[in-house]
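Colleague: Number 640 in the numbering used here belongs to position 324 of the sequence shown; there are no gaps in the numbering.
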Amino acid sequence: MSWAPQPGPQASFVTSRVFEVVYGGARGGGKTDAALGDFHLHAATHGAAARGLLVRRQRVALEPTISRARQIFAAGGAVWIQGKSRFEWPNGAVLYFRYLDNDADADLYQGHDYSRVYVEELTQFPNPGPVDKLKATLRSAAGIHCGFRATCNPGGPGHNWVKARYVDLGPRNIVSEPFRNPFDGSVAVLKRLFIPAKLADNPRLMRSDPGYIPRLQQSGSAELVRAWLEGDWNVIQGAFFDKWSNRNIVAPFAIPREWTRIRAFDWGYAAPFSVGWWAVCADDRRLPGGVVLPRGALVRYREWYGCGGRPGEGLRMEAEAVAKGILERENGEKSPVSVADPSIFSEDGGPSIGERMRRCGVRFRPADNTRVGKAGAMSGWDQMRARIAGDETGPMLVVFDTCRDFIRTVPVLQHDRMRMEDLDTTAEDHIADETRYACLTRVFAPRPTVATLTANQLWEREWGRSRHDDGLNWKTL
Ligand SMILES: Nc1ncnc2c1ncn2[C@@H]1O[C@H](COP(=O)(O)OP(=O)(O)OP(=O)(O)O)[C@@H](O)[C@H]1O
Ligand SMILES: [Mg+2]
Numbered sequence: 317m318s319w320a321p322q323p324g325p326q327a328s329f330v331t332s333r334v335f336e337v338v339y340g341g342a343r344g345g346g347k348t349d350a351a352l353g354d355f356h357l358h359a360a361t362h363g364a365a366a367r368g369l370l371v372r373r374q375r376v377a378l379e380p381t382i383s384r385a386r387q388i389f390a391a392g393g394a395v396w397i398q399g400k401s402r403f404e405w406p407n408g409a410v411l412y413f414r415y416l417d418n419d420a421d422a423d424l425y426q427g428h429d430y431s432r433v434y435v436e437e438l439t440q441f442p443n444p445g446p447v448d449k450l451k452a453t454l455r456s457a458a459g460i461h462c463g464f465r466a467t468c469n470p471g472g473p474g475h476n477w478v479k480a481r482y483v484d485l486g487p488r489n490i491v492s493e494p495f496r497n498p499f500d501g502s503v504a505v506l507k508r509l510f511i512p513a514k515l516a517d518n519p520r521l522m523r524s525d526p527g528y529i530p531r532l533q534q535s536g537s538a539e540l541v542r543a544w545l546e547g548d549w550n551v552i553q554g555a556f557f558d559k560w561s562n563r564n565i566v567a568p569f570a571i572p573r574e575w576t577r578i579r580a581f582d583w584g585y586a587a588p589f590s591v592g593w594w595a596v597c598a599d600d601r602r603l604p605g606g607v608v609l610p611r612g613a614l615v616r617y618r619e620w621y622g623c624g625g626r627p628g629e630g631l632r633m634e635a636e637a638v639a640k641g642i643l644e645r646e647n648g649e650k651s652p653v654s655v656a657d658p659s660i661f662s663e664d665g666g667p668s669i670g671e672r673m674r675r676c677g678v679r680f681r682p683a684d685n686t687r688v689g690k691a692g693a694m695s696g697w698d699q700m701r702a703r704i705a706g707d708e709t710g711p712m713l714v715v716f717d718t719c720r721d722f723i724r725t726v727p728v729l730q731h732d733r734m735r736m737e738d739l740d741t742t743a744e745d746h747i748a749d750e751t752r753y754a755c756l757t758r759v760f761a762p763r764p765t766v767a768t769l770t771a772n773q774l775w776e777r778e779w780g781r782s783r784h785d786d787g788l789n790w791k792t793l
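(1) T439 and T348 look like a contact to me (Cβ under 8 Å); what is the Cβ gap, rounded to whole Å?
(2) Could you check whether L729 and A598 sit closer than 8 Å to each other, using their CB atoms as the reference points?
(3) Could you tell me the distance, in whole angstroms, from the CA atom of K400 to the CA atom of L506?
(4) Which residues in the same chain have their Cβ closer than 6 Å to the Cβ of S318, if we skip the five residues on either side of it in sequence?
(5) Under DSSP, the alpha helix (DSSP H) around D354 begins and ends at which residues?
(6) Check for me: the alpha helix (DSSP H) holding V615 runs from which residue to which?
(7) Any idea if K451 is buried or exposed, counting beta-carbon neighbours within 10 angstroms, 16 or more meaning buried?
(8) Sorry if obvious, but does the Cβ on T467 come closer than 7 Å to a heavy atom of ligand 2?
(9) From S492 to D429, what distance separates their C-alpha atoms?
(10) Pull the bridge partners of D582 from the DSSP assignment, please.
(11) What does a CB cutoff of less than 8 Å around D738 pick up in its chain, not counting 5 residues either side in sequence?
(12) Assuming contact is defined by CB atoms lying nearer than 8 Å, are L797 and V615 in contact in what I supplied?
(13) With a threshold of 6 Å on Cβ separation, who are the neighbours of A635 within its own chain once the five nearest residues in sequence on each side are excluded?
(14) Going by CA-CA distance only, name the one from P572, T709 and H746 that's closest to A656.
(15) Taking the CB atoms as reference points, tell me whether L370 and L411 lie closer together than 8 Å.
(16) If you run the structure through DSSP and keep just helix, strand and coil, what is E778?
(17) Going by other Cβ atoms of all chains shown within 10 Å of its Cβ, with 16 needed for buried, is Q426 buried or exposed?
(18) CA-CA distance, D717 and I723?
(19) Which value, in whole angstroms, describes the spacing of the CA atoms of L603 and V596?
(20) In whole angstroms, what is the alpha-carbon distance linking T331 and S456?
(21) Are the CB atoms of A359 and Q326 within a distance shorter than 8 Å?
(22) Look up T757 in the DSSP assignment and say whether it is helix, strand or coil.
(23) In three-state DSSP terms, what is T792?
(24) I need the straight-line Cα distance from A504 to E437, nearest angstrom please.
(25) Should T348 be listed as close to ligand 2, given that the test is whether its C-beta is under 7 Å from any heavy atom?
(26) For A567 versus G710, is the C-beta distance shorter than 8 Å?
(27) Give me the Cα-Cα distance between C676 and M633, rounded to the nearest whole angstrom.
(28) For T507, write down the residues that DSSP places opposite it in a beta bridge.
(29) Would you list the residues sitting across from C468 in a DSSP beta bridge?
(30) Hey, could you find the ends of the alpha helix (DSSP H) V330 is sitting in?
(31) Is the beta carbon of R866 less than 8 Å from the beta carbon of F760?
(32) Determine the burial state of G622: buried for a count of at least 16 other Cβ atoms within 10 Å of its Cβ, exposed for fewer.
(33) May I ask you to verify whether the segment 476-489 touches the segment 508-516, counting CB pairs closer than 8 Å and requiring at least 3?
(34) Look at the Cβ atom of I382, then the Cβ atom of H356, and state whether they are nearer than 8 Å.
In structure tokens form, the structure reads like this:
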């Protein structure tokens with residue numbers, strides 16, 4: 317029996333003539349089947365001119381796709397050639413299965429010609445670089461209509477750029493955007509379309525496996541399950557800063573003069589740099605939205621994120637120009653605490669970046685760069701996480717809603733797959749690093765709850781002094 321799309325998104329996916337179509341959302345929505353089915357139809361129509369490439373980020377993850385592909389392609393007589401990792405059709409069509417981990421892997425495809433490129437699990441790519449290189453291979457000497465097709469679920473290291481580039485276009489809106497060929501620099505205007513995937517669009521799965529939804533519901537937090545079932549891109553899988561919420565975003569207010577100011581900096585040239593301006597709340601303070609800022613809370617009131625047009629790409633500005641930009645933004649304001657990524661002080665044959673900026677009037681001291689604590693010690697990320705969570709009074713770290721790049725990049729950061737206590741550094745983590753430096757200038761000790769207080773701490777809290785104060789016989793009190 318030949319494969320046929322289910323009505324709805326699958327049918328739109330296989331009939332679309334738009335160059336770039338991304339089908340993303342719910343798990344089990346039928347995305348992989350749609351991609352394979354699309355090539356099955358493409359091969360039947362175009363024969364030897366149909367040349368496809370299907371990639372994933374990890375080799376092992378291709379296996380289940382290959383076995384499903386065998387079933388779908390059998391109707392067209394295609395056979396799997398293990399040694400060449402490709403399907404071959406009797407009419408000459410061919411579909412390669414490959415894996416692609418990084419930019420260098422993508423370079424190997426320069427000069428190749430495909431009529432279809434499929435990227436499975438697009439959100440597993442931390443940045444669009446390798447994917448854009450594949451896009452440049454889409455051309456057909458036979459003149460057939462070429463297309464880029466990708467599938468994905470919310471979450472993963474590429475959640476952010478995929479959401480911005482495709483999901484935020486709005487469902488079913490066809491958008492034209494210029495595309496610069498990374499190999500030869502030529503520019504073309506390409507059309508792009510996002511198709512949202514919902515589980516409800518795959519009634520076949522519901523009929524054949526009624527236990528699927530209950531199983532999904534047991535396998536993750538309520539939010540994660542919602543993301544999987546409904547393809548909700550605003551729910552973030554495995555967020556590193558899982559206590560982040562709307563109470564950490566505040567409307568701008570005038571920072572009182574007496575509040576201490578901190579300037580924190582993470583340097584980047586080819587990668588983005590980030591400057592954050594922070595103020596330390598001097599006394600518990602109720603903000604207009606009702607949020608109470610506890611004394612000692614950090615307020616990010618201004619930022620400068622030096623990012624080029626694409627995620628992960630820097631502005632390539634020299635140290636002197638960055639220093640000048642900082643002074644312009646400060647307009648005479650003083651930051652008594654000014655910390656930066658310690659690597660800017662390393663000298664490599666000439667004056668360090670830190671020294672060059674100092675000569676322009678912007679002075680930093682090296683920040684504490686501990687990311688992960690040893691055996692119970694609270695360091696870098698723990699500090700930042702504890703501040704975001706705050707205490708019963710309120711959050712110990714807030715950002716003005718004008719700090720758009722912070723809000724765009726930090727809450728979506730994920731855990732490192734290999735090292736859960738660290739964050740996935742392949743995503744846009746420059747603002748998080750700079751925030752970590754700011755947090756480590758003032759160590760925050762969360763107030764323990766009563767259940768975790770030691771006898772001594774409880775005593776101190778109730779009596780306002782240490783149990784071991786000189787001259788006091790505490791037993792008699
Ligand atoms: N048109 C179809 N004909 C037959 N079976 C289908 C069709 N569409 C989907 N299915 C079946 O539904 C199940 C889920 O589909 P699929 O694996 O394509 O979902 P997915 O969206 O890629 O899921 P995931 O997010 O987990 O990768 C599979 O068993 C698949 O074979
Ligand atoms: Mg799939």
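We put the CB at the ideal spot given by N, CA and C, even for glycine.
Modeller: Short version:
(1) The pair is not a contact, with the Cβ atoms about 14 Å apart (cut-off 8 Å).
(2) No, these two residues do not count as a Cβ contact at 8 Å.
(3) If you take the alpha carbons of K400 and L506, they lie about 32 Å apart.
(4) For S318, where only same-chain residues beyond five positions count, the Cβ hits under 6 Å are A391.
(5) Note, D354: alpha helix (DSSP H), K347 to H362.
(6) Not the alpha helix (DSSP H): V615 falls in the beta strand (DSSP E), residues L614 to G622.
(7) Result: buried.
(8) Yes, ligand 2 has a heavy atom inside 7 Å of this Cβ.
(9) Pairing S492 with D429, the inter-Cα distance amounts to about 23 Å.
(10) According to DSSP, D582 bridges with S590.
(11) Taken in chain order, the residues that qualify are R687, V688, W697, H731 and D732.
(12) As displayed, the chain neither begins before 317 nor continues past 793, which places residue 797 out of reach and without an answer.
(13) So the qualifying residues of the chain are I669, R672 and M673.
(14) Checking every option, the nearest Cα to that of A656 belongs to H746.
(15) In this structure, L370 sits near L411, with a CB-CB distance shorter than 8 Å.
(16) With a pLDDT of 47 at E778, under the threshold of 50, the modelled position of that residue is not reliable, and the figure given next carries that caveat. It is helical.
(17) Here Q426 is exposed, its C-beta having fewer than 16 other C-beta atoms within 10 Å.
(18) Roughly 8 Å between the two C-alpha positions.
(19) Whole-angstrom Cα-Cα distance: 15 Å.
(20) If you take the alpha carbons of T331 and S456, they lie about 19 Å apart.
(21) Cβ distance not < 8 Å, so Q326 and A359 don't count as in contact.
(22) Residue state for T757 is assigned as coil, using DSSP reduced to three classes.
(23) For T792, the predicted model reports a pLDDT of 28, less than 50, meaning its position is unreliable; a value from the coordinates is still stated below. The three-state reading of DSSP puts T792 in helix, counting H, G and I together.
(24) Using only the alpha carbons, I get a separation of about 25 Å.
(25) True, at least one ligand heavy atom lies under 7 Å from that Cβ.
(26) G710 sits away from A567, with the two beta carbons spaced by 8 Å or more.
(27) Linking C676 to M633 through their CA atoms gives a straight-line distance of about 14 Å.
(28) Note that residue 507 is Lys in the sequence shown here, rather than Thr. According to DSSP, K507 shares a beta bridge with S492.
(29) C468 pairs with G340.
(30) In the DSSP assignment, V330 falls within the alpha helix (DSSP H) that extends over P325 to T331.
(31) Residue 866 lies beyond the range of the chain shown here (317 to 793); nothing can be said about it.
(32) Classification for G622: buried.
(33) Between the segment 476-489 and the segment 508-516 there are three or more inter-stretch CB-CB distances shorter than 8 Å, so the stretches are counted as touching.
(34) H356 sits away from I382, with the two beta carbons spaced by 8 Å or more.
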